[in-house]
Amino acid sequence: MQTPEGCRKIGILGGGQLGLMLAQAAERLGLETLVVDPAPDAVAGRVAKHLANDWLDPAALDALAGCDVVTYEFENVPTEALAKLAGRVAVHPAPEALAIAGDRLFEKRFLREFGLEPAPFADVASRAELGRVVAELGLPIVLKTRRLGYDGKGQAVVRETAGLDAAWQRLRGDALIVEGFVPFERELSLAAVRARDGEIRFWPPAENRHVDGILHVSRAPAPKVPPRRRAEAERGLRAILERLDYVGVLVVELFALADRWLANEMACRVHNSFHWTIEGAATSQFENHLRAVAGLPLGETGMKGHAAMLNLIGAMPDLAALAGAPGIAVHDYGKPPRAGRKLGHVTVVAETAEELEARLRRVLAVAGDRELVSPS
Ligand code: AMP
Numbered sequence: 002m003q004t005p006e007g008c009r010k011i012g013i014l015g016g017g018q019l020g021l022m023l024a025q026a027a028e029r030l031g032l033e034t035l036v037v038d039p040a041p042d043a044v045a046g047r048v049a050k051h052l053a054n055d056w057l058d059p060a061a062l063d064a065l066a067g068c069d070v071v072t073y074e075f076e077n078v079p080t081e082a083l084a085k086l087a088g089r090v091a092v093h094p095a096p097e098a099l100a101i102a103g104d105r106l107f108e109k110r111f112l113r114e115f116g117l118e119p120a121p122f123a124d125v126a127s128r129a130e131l132g133r134v135v136a137e138l139g140l141p142i143v144l145k146t147r148r149l150g151y152d153g154k155g156q157a158v159v160r161e162t163a164g165l166d167a168a169w170q171r172l173r174g175d176a177l178i179v180e181g182f183v184p185f186e187r188e189l190s191l192a193a194v195r196a197r198d199g200e201i202r203f204w205p206p207a208e209n210r211h212v213d214g215i216l217h218v219s220r221a222p223a224p225k226v227p228p229r230r231r232a233e234a235e236r237g238l239r240a241i242l243e244r245l246d247y248v249g250v251l252v253v254e255l256f257a258l259a260d261r262w263l264a265n266e267m268a269c270r271v272h273n274s275f276h277w278t279i280e281g282a283a284t285s286q287f288e289n290h291l292r293a294v295a296g297l298p299l300g301e302t303g304m305k306g307h308a309a310m311l312n313l314i315g316a317m318p319d320l321a322a323l324a325g326a327p328g329i330a331v332h333d334y335g336k337p338p339r340a341g342r343k344l345g346h347v348t349v350v351a352e353t354a355e356e357l358e359a360r361l362r363r364v365l366a367v368a369g370d371r372e373l374v375s376p377s
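Residue numbers (the numbering used here): 2 to 377.
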């Protein structure tokens, strides 16, 4: 495929399953990938060239600087590594995006500025301040670390005053924020991709079910989305993309209440709730992210029908019974099993929402359901 300025070699910081699926998409586009991830068994290394060095290691930085463009699939890569690379090679998305998304306090202020209102929040530096903020917000609250939290880690929901001390003791080693607990009806996510020339495309929003703070099932298109609300969220995301001169995929997670949507967080990378785009959309989030950073024209983001994604967590189930079943695709990341670890996912596609639910029920029966999943 013809890329501008001969952009053929993509450097990726982070080599987990997101890096693996980026590298798989790159292969089909005829692009080369180099992944830097200190883990010797980083799964992206199955497809990409892999350097098992620290992100700040000079040899790793030199190798990345020798690529035509650098991107990242991991939110906790040191911003210092991106700063060191930025003068030597094009880095997309803009390092500023990672600095904002990597700190919940900056992130929530930023989202608010662009009309994506978050839950009420405040930073808290002491136990006394926590008491004052809780008196103002009311219980329940969620206490969260500002940095390095993901999949529900680094956070505590507190429902009664008696629980505040334990939550504070557990998390106080880090800088913290408090958020009002949102009694949402459901969780949604919205993904956009912006090309180097400024073109922006959106995938239909996904509806997400979490179990124990980890994404369990995503469905798309999310049913019963009021067009006005979707347009407002898209407007906010578009403004963020333009303000950051962002190139690549950006996702915002949303809490849907009866009368409004609140923004939870933004991810400046491809996102678990859009893995279904590989089989369910005209162009996947992985391919469009690469197209954007490599300076290629974006692909269509429309869906072929309905799609769902089920995460396979902790242990790979025996899915042999699903072999040959229509509309079902299994992705095994090839990781050693460990409690709470994302080992793979299953995508289900169907022409209608009813058929999708029937196929998803079949997958859940074989994969072992983590909750009783019913269509909303
Ligand atoms: P996070 O790490 O912030 O994405 O949180 C993980 C999950 O915890 C979210 O997807 C929600 O299911 C839940 N959660 C986080 N913050 C809140 C909140 N303020 N109110 C209610 N649930 C929350």
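Note that CB positions come from ideal geometry on N, CA and C, so glycine has one too.
Uninterrupted beta strand (DSSP E) stretches at least 3 residues long and entirely within the region 112-175 occur at 122-125, 142-146, 156-159, given in chain order. With a cutoff of 6 Å, residue 182 counts as near the ligand AMP, since its C-beta is closer than that to a heavy atom of the ligand. Residue 317 is bridged by DSSP to nothing; it lacks a bridge partner.
Residue burial annotation: residue 28 is exposed, with fewer than 16 other C-beta atoms found within 10 angstroms of its C-beta. C-alpha of residue 95 to C-alpha of residue 108: approximately 15 Å in a straight line. Residue pairing of residue 247 in beta bridges, as defined by DSSP: absent, with no partner found. The way I'd put it, the region 230-250 does touch the region 286-297; three or more beta-carbon pairs between them come closer than 8 Å. Between the C-alpha atoms of residue 131 and residue 147 there is a straight-line separation of about 14 Å. The residue among 228, 262, 34, 213 with its C-alpha nearest the C-alpha of residue 8 is 34. Under the DSSP assignment, residue 99 falls outside any beta strand (DSSP E), being part of the alpha helix (DSSP H) whose first and last residues are 96-102.
Comparing alpha carbon positions, the residue from 320, 305, 227 closest to residue 311 is 320. Going by DSSP, residue 64 is part of the alpha helix (DSSP H) stretching over 59-66. Per DSSP, residue 332 lies in no alpha helix (DSSP H); the unbroken beta strand (DSSP E) holding it starts and ends at 329-333. Proximity of the beta carbon of residue 214 to the ligand AMP is indicated: a heavy atom of the ligand is located closer than 6 Å.
Relative to residue 171, the option among 232, 24, 158 whose CA is nearest is 158. In the DSSP annotation of this structure, the continuous segment of the beta strand (DSSP E) that includes residue 203 starts and ends at 201-203. Annotated as proximal: residue 105 and residue 145, with beta-carbon spacing under 7 Å.
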